Amino acid sequence: MAKHESSPQPDPSPESDGLTRRSFLRKTAMFGAGLGAVGSGVAALAAALEPLRDMEDIPTMEQFLQKYYKEMTAEDMEKVLKRIEGEVEKEYGVRPHVRDYKPMDGVEFVYMLNIRRCIGCRKCVHACVNENNQSRNPEIQYIRVLKMKNGSLDVEKADHYYAPEKVPEPGHFYMPVQCQQCRNPPCVKVCPVNATWQEKDGITVIDYDWCIGCRYCEAACPYWARRFNFSKPNIPKDRLNPEMSYLGNRPRRQGVMEKCHFCIQRTRAGRYPACVEICPTGSRKFGNILDPESEVSYIMRTKKVFIQLKEELGTAPRFYYYFDV
Numbered sequence: 044m045a046k047h048e049s050s051p052q053p054d055p056s057p058e059s060d061g062l063t064r065r066s067f068l069r070k071t072a073m074f075g076a077g078l079g080a081v082g083s084g085v086a087a088l089a090a091a092l093e094p095l096r097d098m099e100d101i102p103t104m105e106q107f108l109q110k111y112y113k114e115m116t117a118e119d120m121e122k123v124l125k126r127i128e129g130e131v132e133k134e135y136g137v138r139p140h141v142r143d144y145k146p147m148d149g150v151e152f153v154y155m156l157n158i159r160r161c162i163g164c165r166k167c168v169h170a171c172v173n174e175n176n177q178s179r180n181p182e183i184q185y186i187r188v189l190k191m192k193n194g195s196l197d198v199e200k201a202d203h204y205y206a207p208e209k210v211p212e213p214g215h216f217y218m219p220v221q222c223q224q225c226r227n228p229p230c231v232k233v234c235p236v237n238a239t240w241q242e243k244d245g246i247t248v249i250d251y252d253w254c255i256g257c258r259y260c261e262a263a264c265p266y267w268a269r270r271f272n273f274s275k276p277n278i279p280k281d282r283l284n285p286e287m288s289y290l291g292n293r294p295r296r297q298g299v300m301e302k303c304h305f306c307i308q309r310t311r312a313g314r315y316p317a318c319v320e321i322c323p324t325g326s327r328k329f330g331n332i333l334d335p336e337s338e339v340s341y342i343m344r345t346k347k348v349f350i351q352l353k354e355e356l357g358t359a360p361r362f363y364y365y366f367d368v
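Here's what the structure looks like:
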């Protein structure tokens, strides 16, 4: 079973000229700003990009000049989606369907997990990887399943590398952890370029084209929920999910952050997240907390025991743990 890539690692080896994607973005941003006063910034930037065009982690001119997500018109976004579809087809030989799914009015998504029912099988982990086009080698996993000793809720002493012949194991229970979609997300506050933000349906998203890979968000998250692409993501061509979202499961490049986004390409289209559908015990529940008839609203009203992980930090997660009592 593949281990989740979680330990700090050094930055990717620099190219012969000492340039990485992050340093390139920072330097050219300042370079272009300085030349803007004389009206030649774009031309100069194009000249700077030319000798570097063969470097895989350097953006194209079109990517570099792309508008900020919240400033793009529908026409701008359509052009960006077409570009992404072309890039994916060139890389994987599969023509994807990429959409920009918007949040719906009157919807606030929350997640609820029945700890008593989870058996630690990790089917959710791998369904997530397959659905969201995560790197397979190294395998990037958004979900960590923690093996906990009965009677303890100390997540710092939990084991997420367990590999018994059979689960569940006597004397233990399991607590899956992923992005908690906080109402007060510390990761958003520290991003220096506003590449991550919280949308009105409660999902905190990342614009991979805007991310500079500084990893401040990773350091700020108390839930170990963010992942960094240290190397070029490896996705087998026959395993690529062609149904994609701009803010969700489109392939990411080396040097950017990613995380669980409640399967935007599914949930904003009226479907459950992949991890909910695959769970063999029904321990995962997902829905609109603003709908009094939803299953999550029913659980909130009728179950007595709720846990918000590290709630003392004031992050106010939208991810709840409960016991079926």
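Numbering (the working numbering), first residue to last: 44 to 368. Glycine residues also receive a C-beta, built at the ideal position from the N, C-alpha and C atoms. Note that the coordinates shown come from a computational prediction; the quantities given were computed from them, not determined experimentally.
| Asked | Found |
| --- | --- |
| What distance in whole Å lies between the Cβ atoms of residue 304 and residue 220, which are believed to be in contact at a cut-off of 8 Å? | Going by Cβ atoms, the distance from residue 220 to residue 304 rounds to 15 Å, so no, they are not a contact pair. |
| Rank 110, 133, 135 and 134 by C-alpha distance to the C-alpha of residue 123 and give the top, closest one. | 110 |
| Around the C-beta of residue 252, are 16 or more other C-beta atoms found within 10 angstroms, so that it is buried, or is it exposed? | buried |
| Could you tell me the distance, in whole angstroms, from the CA atom of residue 322 to the CA atom of residue 189? | 16 Å |
| Can you tell which of 366, 280, 235 and 185 has its C-alpha closest to the C-alpha of residue 291? | 185 |
| Which residues mark the beginning and the end of the beta strand (DSSP E) in which residue 156 is found? | 152-157 |
| Mind checking residue 154: buried by the 16 CB within 10 Å criterion, or exposed? | buried |
| Does the beta-carbon of residue 151 have 16 or more other beta-carbons within 10 angstroms, so that it is buried, or is it exposed? | buried |
| Any idea what DSSP makes of residue 283, helix, strand or coil? | coil |
| Please report the Cβ distance between residue 18 and residue 324, rounded to the nearest whole angstrom; I am assuming they are in contact, meaning their Cβ atoms lie under 8 Å. | Any property of residue 18 remains undetermined from this structure, which presents the chain solely from 44 to 368. |
| Can you tell which of 104, 149 and 265 has its C-alpha closest to the C-alpha of residue 333? | 149 |
| By how many angstroms is the C-alpha of residue 258 removed from the C-alpha of residue 235? | 10 Å |
| How many angstroms separate the CA atom of residue 272 from the CA atom of residue 289? | 17 Å |
| Where do the N-terminal and C-terminal ends of the beta strand (DSSP E) with residue 215 fall, by residue? | 215-220 |
| What residue from 279, 215 and 287 has the CA that sits closest to residue 125's CA? | 287 |
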